[in-house]
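Engineer: In this note's numbering, the protein residues as written are 61 to 390.
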Amino acid sequence: GEVVDPIALDPVDEVVVTMLMDNTYDALMPPDGPATRTGFFGVPPVSSAVMVDGQVSPGLVAEHGFSALVTVRKGESSHTVLFDTGISPFGMADNMERLGLDAGEIEVAVLSHGHFDHAGGLEGLARLRRRAGLPIVVHPGVWAQRRLALPELPAVELPTLSKRSLEEEGFEVIERRQRSLLLAGSVLITGEVDRTTDFENGMPFHEQLVDRTWEPDPLILDDQALVVNLRGKGLMVLTGCGHAGAVNIARHAMRLTGVDELHAMVGGFHLNGPAFASVIGPTIHAFQHMAPEVIVPAHCTGWTAQHRFATEMEDAFIPNSVGSSFTLAA
61 GEVVDPIALD PVDEVVVTML MDNTYDALMP PDGPATRTGF FGVPPVSSAV MVDGQVSPGL
121 VAEHGFSALV TVRKGESSHT VLFDTGISPF GMADNMERLG LDAGEIEVAV LSHGHFDHAG
181 GLEGLARLRR RAGLPIVVHP GVWAQRRLAL PELPAVELPT LSKRSLEEEG FEVIERRQRS
241 LLLAGSVLIT GEVDRTTDFE NGMPFHEQLV DRTWEPDPLI LDDQALVVNL RGKGLMVLTG
301 CGHAGAVNIA RHAMRLTGVD ELHAMVGGFH LNGPAFASVI GPTIHAFQHM APEVIVPAHC
361 TGWTAQHRFA TEMEDAFIPN SVGSSFTLAA
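#1: Between which two residues does the alpha helix (DSSP H) holding H408 run?
#2: Starting from A358, follow the beta strand (DSSP E) in both directions and report where the run begins and ends.
#3: Taking the alpha helix (DSSP H) that V377 falls in, what are its first and last residues?
#4: Where do the N-terminal and C-terminal ends of the beta strand (DSSP E) with P278 fall, by residue?
#5: Does N308 come out as helix, strand or coil in the three-state DSSP assignment?
#6: Provide the residue span of the alpha helix (DSSP H) that contains G251, from first to last.
#7: Applying the criterion that 16 or more other CB atoms from any shown protein chain within 10 Å of the CB defines a buried residue, is A244 buried or exposed?
#8: Can you give the Cα-Cα distance for H139 and T131, rounded to whole angstroms?
#9: Could you say which of V216, T256, P264, V198 lies nearest to E232 if we only look at CA atoms?
#10: Report yes if the C-beta distance between E123 and G151 is below 8 Å; otherwise report no.
#11: Spell out a yes or no on whether the region 289 to 308 and the region 326 to 336 are touching, meaning 3 or more CB-CB pairs, one atom from each, closer than 8 Å.
#12: Measuring alpha carbon to alpha carbon, tell me which of P90, R255, L129 ends up nearest V77.
#13: Along the alpha helix (DSSP H) that carries T343, what are the first and last residues, could you check?
#14: Could you have a look at G151 and say whether DSSP puts it in helix, strand or coil?
#15: Can you tell me where the beta strand (DSSP E) holding R207 begins and where it ends?
#16: Mind checking who V247 pairs with in its DSSP beta bridge?
#17: Hey, could you find the ends of the beta strand (DSSP E) F176 is sitting in?
#18: Given 7 Å as the limit, tell me if Q348 has its C-beta closer than that to any heavy atom belonging to the ligand FMN.
#19: List the residues that DSSP assigns as beta-bridge partners of T131.
#20: Based on the DSSP output, what are the partners of A95 in its beta bridges?
#21: Tell me which residues share the same chain as D283 and place their Cβ nearer than 6 Å to its Cβ, disregarding the 5 neighbours each side in the sequence.
#22: From G93 to L159, what distance separates their C-alpha atoms?
#23: Could you tell me whether the region 248 to 267 touches the region 206 to 217, where touching means 3 or more Cβ pairs closer than 8 Å?
#24: With H, G and I counted as helix, E and B as strand and the rest as coil, what does DSSP make of D215?
#25: How many whole angstroms separate the CB atoms of L388 and V75, which I take to be in contact at a CB cut-off of 8 Å?
#26: Please report the straight-line C-alpha distance between R236 and S225, rounded to a whole angstrom.
#27: I'd like to know if the region 279 to 295 and the region 339 to 350 are in contact, where contact means that at least 3 CB-CB pairs between them fall below 8 Å.
Rendered as structure tokens:
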């Protein structure tokens with residue numbers, strides 16, 4: 061249903077999403093519509109003792125994680141937010157340095173949720189900023205102790221983010237369950253997402269420690285997304301893993317803002333593996349109905365779902381790669 065009092069998310073003239081970390085890096089991937097790419101020779105060379113001239117082009121780091129730098133522009137004013145940080149302490153930070161990006165321009169960081177493949181790079185970010193204070197917006201559920209308990213396999217406990225350590229690294233931690241407007245009202249963080257579809261039911265076998273007891277935690281309620289309103293075009297929605305369901309997230313963003321056009325959907329849709337095979341079809345059908353001009357399924361979306369997006373939404377689909385920059389203009 062329609063929201064009674066939609067959020068006044070200020071339209072922007074341009075948004076640039078630069079992929080600092082994803083599961084793949086393809087140095088030969090060509091430009092594609094709004095996407096520009098960073099190949100081998102867009103990165104400064106490094107020393108190599110086995111090369112004739114003593115150096116080699118290293119490209120960029122890819123790992124099972126996600127991180128995106130988002131810059132929005134309204135007129136002559138620009139603002140930059142970091143959304144997620146990848147899995148390792150060095151991957152995202154190394155890529156920022158290789159791309160020549162200044163971490164000092166980041167005004168706020170946001171975590172899509174507490175899983176370690178999105179939060180692990182905060183240590184590297186603190187190093188780049190030399191412990192200069194930076195606000196970081198998180199859902200209070202990011203500190204939860206979690207594990208995966210697959211049938212007939214030993215349970216695997218996931219690394220847990222430490223609030224105390226973040227504060228010691230110089231971050232100003234801001235906890236919000238509800239939506240937040242950031243950067244002069246130009247960026248919306250959804251907070252907890254309404255679950256309204258009948259096919260997006262979260263992550264099976266995911267558990268949370270509650271009062272010393274492991275309990276099912278399929279919904280991962282701390283999952284949130286970033287939303288920008290592109291003037292005259294509609295919403296750009298950026299997800300980390302999309303545990304709330306990519307369709308739920310897109311519809312939630314439209315309800316919150318009162319904007320009924322989805323221009324771009326970018327990020328992880330978590331459709332990888334047998335447990336999510338039945339979700340792929342309904343997800344694609346829903347996005348065909350919403351008809352975004354740009355769709356970039358990344359990170360945990362999985363090859364099968366990406367292939368189907370590429371064939372069933374051919375005009376909108378753009379593959380992702382670390383170092384890709386998507387420039388969306390009003």
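C-beta atoms are modelled at their ideal positions from N, C-alpha and C, and glycine is treated no differently.
Since the model is a prediction, treat every value here as computed from it, not as a measurement.
Structural biologist: Let's see:
#1: Past the edges of the chain, shown from 61 to 390, lies residue 408, and the structure says nothing about it.
#2: Within the sequence shown, numbered from 1, the residue matching residue 358 stands at position 298. Counting along the chain, the beta strand (DSSP E) containing A358 begins and ends at 354 to 358.
#3: Within the sequence shown, residue 377 is the residue found at index 317, counting from 1. It should be noted that the sequence gives Phe, not Val, for residue 377. Neither: F377 is in no alpha helix (DSSP H) and is coded neither H nor E.
#4: Counting from 1 along the sequence shown, the entry for residue 278 is found at position 218. From DSSP, P278 is part of no beta strand (DSSP E); its letter is neither H nor E.
#5: Against the sequence shown, residue 308 aligns to sequence position 248. Helix.
#6: Here residue 251 refers to the residue found at position 191 of the sequence shown. Per DSSP, G251 belongs to no alpha helix (DSSP H) and is neither H nor E.
#7: As a first step, residue 244 must be located in the sequence shown, where it is residue number 184. With fewer than 16 Cβ atoms within 10 Å of its Cβ, A244 is classed as exposed.
#8: Working through the sequence shown from its first residue, we reach residue 139 at position 79. Working through the sequence shown from its first residue, we reach residue 131 at position 71. Approximately 6 Å between the Cα atoms of the pair.
#9: Taking the first residue of the sequence shown as position 1, residue 232 is located at position 172. The candidate whose alpha carbon is nearest that of E232 is V198.
#10: As a working mapping, residue 123 is identified with position 63 in the sequence shown. As a working mapping, residue 151 is identified with position 91 in the sequence shown. Yes, these two residues count as a Cβ contact at 8 Å.
#11: Output reads yes: the region 326 to 336 touches the region 289 to 308.
#12: Taking the first residue of the sequence shown as position 1, residue 77 is located at position 17. Considering only alpha carbons, the answer is L129.
#13: Taking the first residue of the sequence shown as 1, we reach residue 343 at position 283. Annotation for T343: the continuous alpha helix (DSSP H) segment containing it runs 337 to 350.
#14: Residue numbering aside, residue 151 sits at position 91 when the sequence shown is read from its first letter. If DSSP states are grouped into helix, strand and coil, G151 belongs with the helices.
#15: For this step, residue 207 is matched to residue 147 along the sequence shown. Where R207 is concerned, the enclosing beta strand (DSSP E) stretches over 206 to 208.
#16: For the purposes of this step, residue 247 is taken as the residue at position 187 of the sequence shown. L242.
#17: Position 116 of the sequence shown, counted from the first residue, corresponds to residue 176. Element bounds for F176: not the beta strand (DSSP E) but the alpha helix (DSSP H), 176 to 179.
#18: By its list of ligands, the structure shown contains no ligand whatsoever, and the ligand FMN lies outside what it can speak to.
#19: As a first step, residue 131 is located in the sequence shown; it is residue number 71 there, counting from the start. BP columns for T131 point to V76, T140.
#20: Looking up residue 95 in the sequence shown gives position 35. Looking at the DSSP assignment, A95 forms a beta bridge with D92, F386.
#21: Here residue 283 is taken as the residue at index 223 of the sequence shown, counted from 1. The residues are H173, H303, A304.
#22: Locating residue 93 in the sequence shown gives position 33, where the first residue counts as 1. Locating residue 159 in the sequence shown gives position 99, where the first residue counts as 1. Going by C-alpha positions, G93 is about 21 Å away from L159.
#23: Taking 8 Å as the limit for Cβ pairs, the verdict is that the region 206 to 217 does touch the region 248 to 267.
#24: Residue 215 sits at position 155 when you count from the first residue of the sequence shown. With the sequence shown as reference, residue 215 is identified as Ala, and Asp is not the correct amino acid for it. Residue state, collapsed to three classes: coil.
#25: Numbered from 1 along the sequence shown, position 328 holds the residue referred to as residue 388. Numbered from 1 along the sequence shown, position 15 holds the residue referred to as residue 75. Their Cβ separation, rounded to whole angstroms, is 5 Å, which keeps L388 and V75 in contact under 8 Å.
#26: On the sequence shown, residue 236 is found 176 positions in, with the first residue counted as 1. On the sequence shown, residue 225 is found 165 positions in, with the first residue counted as 1. Between R236 and S225, the C-alpha separation is close to 19 Å.
#27: no
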